Structures are given as structure tokens and as C-alpha cells.
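Colleague:
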Amino acid sequence: MAPGLLSLKGVPMHQIRQAAVAGTFYPGQKAALSQTLHDLLGEVPRAPEDQRAQPKALIVPHAGYVYSGSTAAQAFALLVPWRTLIHRVVLLGPVHRVPVRGLALPGATAFATPLGPVPIDRAGVAAITGLAQVVTSAAAHALEHALEVQLPFLQTVLDDFTLLPLAVGDATPDEVAEVLQAVWGGPETLIVISSDLSHFLSYAQAQAVDRQSVQTLLALRPGLTHHQACGATPVNGFLLAARRHHLRPQLLALRNSGDTAGDRQRVVGYASVAFHEAPPADAPPAAGAIPADAGGTLLPLARAAIAQALGLPAPAATGAPLAPWLQTPAACFVTLTHQGQLRGCIGSLQAHRAVGADVQANAVAAALRDPRFAPLRADELAGIEIEVSLLSAPEPMSFSNEADALAQLRPGVDGLILEHGAQRSTFLPQVWSQLPRPAEFLAQLKRKAGLPGDFWADGVRLSRYTVRHWTEAARPENAT
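Heads up, the sequence shown is in my numbering, so the first residue is 523 and it goes up one at a time.
(1) Quick one: using the 10 Å Cβ neighbour count with 16 as the cut-off for buried, is alanine 809 buried or exposed?
(2) Only counting the same chain, and skipping five residues up and downstream in sequence, which positions put a Cβ closer than 6 Å to that of alanine 599?
(3) Using 8 Å as the threshold, is the C-beta distance between glycine 753 and serine 720 below it?
(4) Taking all protein chains shown into account, decide if aspartate 781 is buried (16 or more other Cβ within 10 angstroms of its Cβ) or exposed.
(5) Proline 744 and leucine 762 - do their beta-carbons sit closer together than 8 Å?
(6) My output table needs one value for alanine 961: the three-state DSSP class, helix, strand or coil.
(7) Return the bridge partner residues of phenylalanine 797 from the DSSP annotation.
(8) May I ask you to list the residues that DSSP assigns as paired with glutamine 945?
(9) With distances taken Cα to Cα, identify the nearest neighbour of histidine 991 among Ile908, Pro893, Val790.
(10) Please identify the residue among Gln863, Phe855, Ala889, Arg865 whose C-alpha is closest to the C-alpha of alanine 873.
(11) DSSP puts phenylalanine 547 in a beta bridge; with which residues?
(12) Let me make sure I understand the geometry here. Which of Pro897, Thr993, Asn758 has the alpha-carbon closest to that of leucine 832?
(13) Pick helix, strand or coil for valine 640, following the three-state DSSP scheme.
(14) Under the assumption that alanine 827 contacts proline 835 (Cβ atoms under 8 Å), give the Cβ distance between them as a whole number of angstroms.
(15) In the structure shown, what three-state DSSP assignment does aspartate 692 receive?
(16) Inspect the CB distances between the stretch 671-682 and the stretch 598-616 and report whether three or more fall short of 8 Å.
(17) Please classify glycine 624 as buried or exposed, where buried requires at least 16 other C-beta atoms within 10 Å of its C-beta.
(18) Measure from the C-beta of histidine 991 to each C-beta in chain D and report whether the shortest distance is under 8 Å.
(19) What distance in whole Å lies between the Cβ atoms of isoleucine 581 and valine 701, which are believed to be in contact at a cut-off of 8 Å?
(20) Ignore the nearest five residues each way along the sequence and tell me which others in lysine 968's own chain have a CB closer than 6 Å to its CB.
(21) Count the other CB atoms, across all protein chains shown, that sit within 10 Å of the CB of valine 982; report buried if there are 16 or more and exposed otherwise.
(22) Buried or exposed: which applies to proline 851, given that a residue is buried once 16 or more other Cβ atoms fall within 10 Å of its Cβ?
(23) Quick check on this structure: which residue in Thr948, Glu917, Phe963, Ile939 has the alpha carbon closest to the alpha carbon of proline 933?
(24) Is there contact between the stretch 650-663 and the stretch 683-690, where contact requires at least three CB pairs shorter than 8 Å?
(25) Checking 8 Å against the spacing of the C-beta atoms, do valine 698 and threonine 755 come in under that value?
(26) First and last residue of the beta strand (DSSP E) that includes valine 679?
(27) Can you look up histidine 560 in the DSSP assignment and give me helix, strand or coil?
(28) Tell me, please, which residues DSSP counts as bridged to isoleucine 868.
(29) Which residues in the same chain as alanine 704 place their Cβ atom closer than 8 Å to its Cβ, once the five residues preceding and following it in sequence are excluded?
(30) Looking at the unbroken alpha helix (DSSP H) that takes in serine 592, where does it start and where does it end?
(31) Under DSSP, the alpha helix (DSSP H) around glutamate 670 begins and ends at which residues?
(32) Among Ala796, Gln729, Thr738, which one has its Cα closest to the Cα of arginine 788?
(33) Quick one: using the 10 Å Cβ neighbour count with 16 as the cut-off for buried, is proline 806 buried or exposed?
(34) From what residue to what residue does the beta strand (DSSP E) around proline 616 run?
(35) Could you check the C-alpha separation between arginine 986 and isoleucine 642 for me, to the nearest Å?
(36) Assuming leucine 613 and valine 714 are in contact, meaning their beta carbons sit under 8 Å apart, how far apart are those beta carbons, in whole angstroms?
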């Protein structure tokens, strides 16, 4: 057997689709590939396993890992908590080399990568073979990278799974959706659509075009052109199916090659989007859902934690201190004020522990470890008003310049995270009451990060989030 070729016991070599772009699009040696994947996935913030619902589908880019690997990793990292539940991956991508009419199966029994072979899902093949738009073309798959580059990621984040790979050529959205419907399955089935976004525009042009394309994706509108996405054909068919199944999209990352490893004269756009199945309209709230009146529990919990840290008797807590939802992972901020003036504010931007524990830890940190203020004294606590803010997951913003970013901000609604290099700062949406103009809001946020108010650079990153928040009634100085 030639070096690098893989076989399955009892399966003729010609029935295994060998890796075509190992060593070019991604490392060709197992050890180097494993390390690259470990590094890419390791850069994604690790949330608790039950932070998000299981994705039903992903849209991910397919350039070389040095260009789009970090964007793809944002989506594939979501699968880790479900690695033993997902047993089948339906993988669609466009043909780049060999034209084909319809959706092409490879006529193989397995796909090989440096990490090993992935068996083809025979039941899935049987389910769609009778459809007129489904053909078999080994040639369409032989050198195609759009599907292959996704496999090492899948092999890393999932345990045992079978693969239904379809190279999509000339097909209508209805034809693609019909194939997907035939293999939609349940939680054991994941759908992955492989597509880059715009090609070879300038950096600023690509950002504008890609932002419009992402809005089309998030609206589940099957109207992308091939100028917007090379995988427009499978993407549009999937979006049609997603609308029929009432999937909920979530933008995870939006970048281009100018942000990663290429120049900014001619760039390629990349996005990662996850799609979740919505619960039925009449379904009861999830057991771990944080209720609308959570403040009745979280505020006393925060005050009791501060009192204990100051050596004071803990006040009698109200609400439901042992409620199961307190174990739900969530990100929160705790803000302390005294007679309307800020006295401390510390929080979490990503959910990394149970909401009850996060509120307690951030309350103590706001009281004792906010570097802007002296630690709170025991005799001050009675006059402190506490606010707890519960954050949604931050969503990256896409913009061509500062003016574009400012135009997208929603005063009174958006909390904003600014990042540039190692510098980062955030303002909660409540800060809009003090800084109602977007330009002033952003300038002060830059100053908070240690940057000049008029600073701007291509490397500036912005993410936004919303909050639910609860505030204690104002407390007099002699409150007990």
C-alpha cells in the first residue's frame, strides 16, 4: 500500500475516497493535524455543556485552516457536549472542479483523512438514491476540498459517526431541501453545509457584502447568489428546509481572510452559523430556564454573599434559594451604587458556571475587588443598592468602519464589548442612560479599555449583547 493511503478491513481500496488536500489545506500528518485542531478548538471559549441547545445544523467555511479554521472552530466546538449523541453527519458542499447536475454521492464506502477513515452512511444513501436529483459521481468528489476539510474537525469533536457526503452542483433549492428532508432524522443527525462567502473583493467591500449575506442567512431567506457565497446552492436549499422546520439561527463568527492570514486587497469571506430546533409553541419552559422574577432570588443572594464576605450576619434571603434554575449556567454582572453613584461593578461576559454561583462571586468581587474603588466597608453595606444583570450570549458585529459600527448600535438595548489586541472593555445597556449618543458611548468605552476616545484601527472588534436586570429598591442609610 502506498504511504498515506488508508483502507478498511475487507474493503477494496478503490471504494475509499482518499484525502485529496491533506498537506495543503490542512496538515497532512496525523500528529500535526491533531495539534492544529486542538489549538483551533482551544481558542473557542469553553462554555458548560448545557449552556446551549444541541445544534441541528451548521454552516461553516472551507478554506485552508490558516485562513478559515478559526471561524469553523467556533461552530464545531458547539458539538463537544453532544459527541456521543450525534451518530450521523449529512454534509453538503459545492463542487469546485467537476460540474454535476443535482447532488452527487461519491460511490465510496468511506472517506479517509490523516485521522482515519469515516464510514459512509449506507442507510442514508439508500434513503435518497431513488430521488431523481441524486446521482453518483466519484469524479465530483475525488479532488473536492469543500467536504474534506470539515472531516478532521468532525473526527475531533464527535465519537463514532457515519457520513452522508453530497457534492452539490446544478440544483434548485427545492431539490436540495427534498434530499435533506429524506435524511433529516432526529438528534442523532447533524447537517453541515460547507460554504465560504464573497470572493476576491477588497476588505471593506467584503465586509459590506458579507454582512448583507449573513442577514439573509439569519432571516432564513433562500436568496443568496454565487457572488455572495460559493455554496449558495446547498445553502439556499438548506435555508428552505430550515424555514419549514422552524430552525433558529445563531451567528457565531463573521470574518474574512484579511482578518486571519491574507492581505486586504482581495479577500474571501467566512461565517459560522448554528441552527437550533425551536421547542413547540405549547412546550413548557425548560427545567433550567431562569424565570422572569429571578431577581427576587438573585438580589438577596448577592447581598448575603457580600455580608458574609464582610463578616456580617447574612440577611434573611427571600425567593427560592434552592431552586433548580440556580444551577443553570449564565453570565451576569453585579453593580453596586451608593446614592446613585457607582460603587463597584464586576461580572462575567461568558457563561462558565451556575448562575447562583456567578452572582455570589461577582457580588463579592464588585464589593471588594473592583480596582476603581476602595473595598466596601461593613458599615457601608446598608446604604448600597444592588443590581443584577443577566447577559445574553455576545454576538460579533460586522462593520466596514467606525461610522458603520455606530450606525448599527441600538441605544438603550445593546451592551457592547470592545476588543483590540489584549485590551477589552464593556458597557452594560444601562450605561446608555448616561451616554445616550452612540459616538459618545463608544468613545467612553474606548477610554475604559485604555485607548484614546478617537482611536480606531482595522483590528477593533465589537460584540453586543442584551440583558435582563433587576434592582433593589433604594435603601436608606439606616436600613437594616
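Even glycine gets a Cβ: it sits at the ideal position worked out from N, Cα and C.
Note that the structure is a prediction, hence the values are computed from the model and not measured.
Modeller: Judging by the given coordinates:
(1) Note that alanine 809 has pLDDT 42, beneath the 50 cutoff, so the model's placement of it is unreliable and no number is given.
(2) Leu563, Val566
(3) no
(4) buried
(5) Between leucine 762 and proline 744, the gap from beta carbon to beta carbon is short of 8 Å.
(6) Helix.
(7) Ala579, Pro771
(8) His942
(9) Ile908
(10) Phe855
(11) Paired residue(s): none; phenylalanine 547 is not in a bridge.
(12) Pro897
(13) strand
(14) Not confirmed; about 13 Å, so no contact.
(15) strand
(16) The stretch 671-682 is in contact with the stretch 598-616.
(17) That one is buried.
(18) Structure shown: chain D not included; a single protein chain is present.
(19) Rounded, the Cβ-Cβ distance is 17 Å, inconsistent with contact.
(20) Around lysine 968: Gly975, Phe977.
(21) Label assigned to valine 982: buried.
(22) buried
(23) Phe963
(24) yes
(25) In terms of Cβ geometry, valine 698 and threonine 755 form a close pair [threshold 8 Å].
(26) Unbroken run through valine 679 is the alpha helix (DSSP H), 673-679; no beta strand (DSSP E).
(27) helix
(28) Among the bridge pairs identified by DSSP, isoleucine 868 is matched with Val856.
(29) Ala649, Ile650, Leu653
(30) 587-598
(31) 667-670
(32) Nearest C-alpha to arginine 788: Gln729.
(33) Unreliable placement is indicated for proline 806, whose pLDDT of 42 sits below 50; the coordinate value is still reported in the next sentence. With fewer than 16 other Cβ atoms within 10 Å, it is exposed.
(34) 610-616
(35) 41 Å
(36) 5 Å
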